[in-house]
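Beneath this line is the structure, given in structure tokens, with notes to follow.
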Amino acid sequence: MRLGIISDIHGNAVALQEVLIALEDAGVDEIICLGDVVGYGPHPGLCSEIVRGSCSLVIAGNHDRALGDIEVQGWFNPVADSALEWTRERLDDEDLEWLLALPSEAPHAEGPLCCHGAPGAPDDYVLTARDARDALLASACGIILCGHTHRPMACDINGRRQCTWLHWCDGDVVPLEKGHRYLFNPGSVGQPRDNDSRAAYMVIDLARQEASLHRSRYEVGATQRAMRSAGLPEELAKRLATGV
Ligand code: ZN
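Following my numbering, the numbering of the sequence shown begins with 2 at its first residue and continues without gaps.
Here it is as structure tokens:
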């Protein structure tokens, strides 16, 4: 069984389609999405439709939840807030209902716990080794999958509760060792923030007991043009070129 893991698509269908082609080439059996299907990007309806049709498990991100929760939206900065208003107006009832019904976390049948932020705390950012250790100690699962930060991350916690930060760049493969527990973030498909403009995603191969990170180039200019013609904030279009 091979699982493709994607997160933080943010309405960028150009990046999403490129990643789905790569996952098909990689021969994955299922795809899991860790949330933020929409928000910021110019294709919210198309991304909702594609994710609904291609993922076996989808978690709600804070941007997805904010569509129906004024309290979550209240935490947004003005740029995210205006993009969310734009997004809400462009989703049809079916997409909106689907997005609002997504779970805030869920275990996958093969074992990994799938979250947007952290286990039990969907809005928390797991950014440091200490955050990862806290997240791993908050759950008994052998693998925890988190998104939300838009930065790829891999941590290993062994039986002595020591958390090790693992090298996790394009092409890196992490062997899943017995007695160890892992936290992975696949990075962001549609708005990377690790100074790399390429879309990020990961694959877990359960038969070989290994996880790998991958990046795909996509036509950033096509998404930027769609954002500009939609009248979305310019800074959201600009940041895609550098991945910040
Ligand atoms: Zn996000």
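Don't be surprised by glycine CBs; every beta carbon is placed ideally from N, CA and C.
No experiment lies behind these values; they were computed from the predicted model shown.
Separation of the CB atoms of Cys147 and Ala136 is rounded to 7 Å, and the pair is thereby assigned contact status at 8 Å. Its Cα nearest to that of His109, the residue Ile60 stands out among Gly75, Leu85, Ala14 and Ile60.
Per DSSP, Pro45 is one residue of the alpha helix (DSSP H) stretching across Pro45 to Ser55. Listed in chain order, the beta strand (DSSP E) elements of length 3 or more contained wholly in the segment 70-150 are 106-108, 114-116 and 144-146.
Checking the DSSP bridge columns, you'll see Asn186 partnered with Met154. If you ignore the 5 residues before and after Asp157, its C-beta comes within less than 6 Å of the C-beta of Thr165, Leu167, His181 and Tyr183, all in its own chain and listed in chain order. No Cβ-Cβ contact shorter than 7 Å links His149 with Pro193. Assignment of His11 by DSSP, reduced to helix, strand and coil, places it in the coil class. Of the candidates Pro79, Trp76, Gln163 and Glu50, the residue whose Cα lies closest to the Cα of Asp94 is Glu50. By the neighbour-count criterion, in which 16 or more other beta carbons inside 10 Å mark a residue as buried, Arg131 falls on the exposed side.
Taking the Cβ of Asp9 as the reference point, at least one heavy atom of ligand 1 falls within a distance shorter than 6 Å. Exposed is the label assigned to Pro176, since fewer than 16 other Cβ atoms lie within 10 Å of its Cβ. Of the other Cβ atoms in all chains shown, 16 or more fall within 10 Å of the Cβ of Asn13; this residue is therefore buried. Arg162 and Ala133 have their C-alpha atoms spaced approximately 11 Å apart. A residue is called buried once 16 or more other Cβ atoms fall within 10 Å of its Cβ, and Glu106 is buried on that count.
Where Arg216 is concerned, the enclosing beta strand (DSSP E) starts and stops at Glu211 to Ser217.
Comparing alpha-carbon positions, the option among Glu98, Ala231, His44 and Ser140 lying closest to Asp70 turns out to be Glu98.
Our two residues, Cys34 and Ala238, have alpha carbons roughly 23 Å apart in a direct line. In this chain, the alpha helix (DSSP H) harbouring Met228 covers Val221 to Ala231. Residue burial annotation: Ser189 is buried, with at least 16 other C-beta atoms found within 10 angstroms of its C-beta. Using a Cβ-Cβ distance cut-off of 8 Å, the segment 226-237 and the segment 79-90 are in contact, since at least three pairs of beta carbons, one from each stretch, lie closer than that value. Rounded to whole angstroms, the gap between the alpha carbons of Arg199 and Glu72 is 32 Å.
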